[in-house]
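Here the structure comes first, spelled out in structure tokens, and everything after it is commentary.
Numbering (the numbering used here), first residue to last: 210 to 347.
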């Protein structure tokens with residue numbers, strides 16, 4: 210499978226996640242929604258670690274371990290702030306802000322920390338995403 214298929218799949222799963230979080234936060238407190246989501250993720254990722262190839266036998270000294278831990282912190286912060294946004298905002302507005310913003314921030318982080326190049330087409334896409342956000346939230 211290529212990156213395009215996985216990217217579209219990821220977008221669909223995240224869109225469903227926003228919907229399910231919005232429904233959950235209507236009847237459950239923030240900390241319980243966050244706990245349930247994280248516990249389910251932990252269980253599923255633990256199973257995947259032992260089933261998928263390459264998981265077992267990884268050394269803790271691996272240089273990527275710190276990055277993976279920080280990524281986990283960022284996911285927890287992202288999930289928490291998304292739940293708070295969904296608690297006080299409409300799903301249609303929160304998702305419109307969140308999803309394109311991820312693209313914009315990822316492009317900026319790639320430029321700043323990975324030395325990735327930005328083409329004119331990518332720049333224009335980011336500008337259009339910003340315009341789209343503004344149009345959708347007003």
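Using N, Cα and C, we set each Cβ at its ideal position, and we do this for glycine too.
Under DSSP, the alpha helix (DSSP H) around residue i begins and ends at which residues?
i, result
"residue 317", "300-323"
"residue 173", "Residue 173 is absent from the model: the chain starts at 210 and stops at 347."
"residue 240", "239-260"
Looking at the structure shown, is residue i part of a helix, part of a strand, or coil, going by DSSP?
i, result
"residue 229", "helix"
"residue 347", "coil"
"residue 211", "coil"
"residue 296", "helix"
"residue 290", "helix"
Starting from the Cα of residue i, find the closest Cα among the options and give me that residue.
i, options, result
"residue 313", "333, 324 and 303", "333"
**Request:** Would you check if there are 3 or more beta carbon pairs closer than 8 Å linking the stretch 281-298 to the stretch 312-326?
**Result:** Short answer: they don't touch.
**Prompt:** Between the stretch 235-253 and the stretch 276-295, do three or more beta carbon pairs fall short of 8 Å?
**Reply:** Judged by Cβ distances under 8 Å, the stretch 235-253 makes contact with the stretch 276-295, as three or more pairs qualify.
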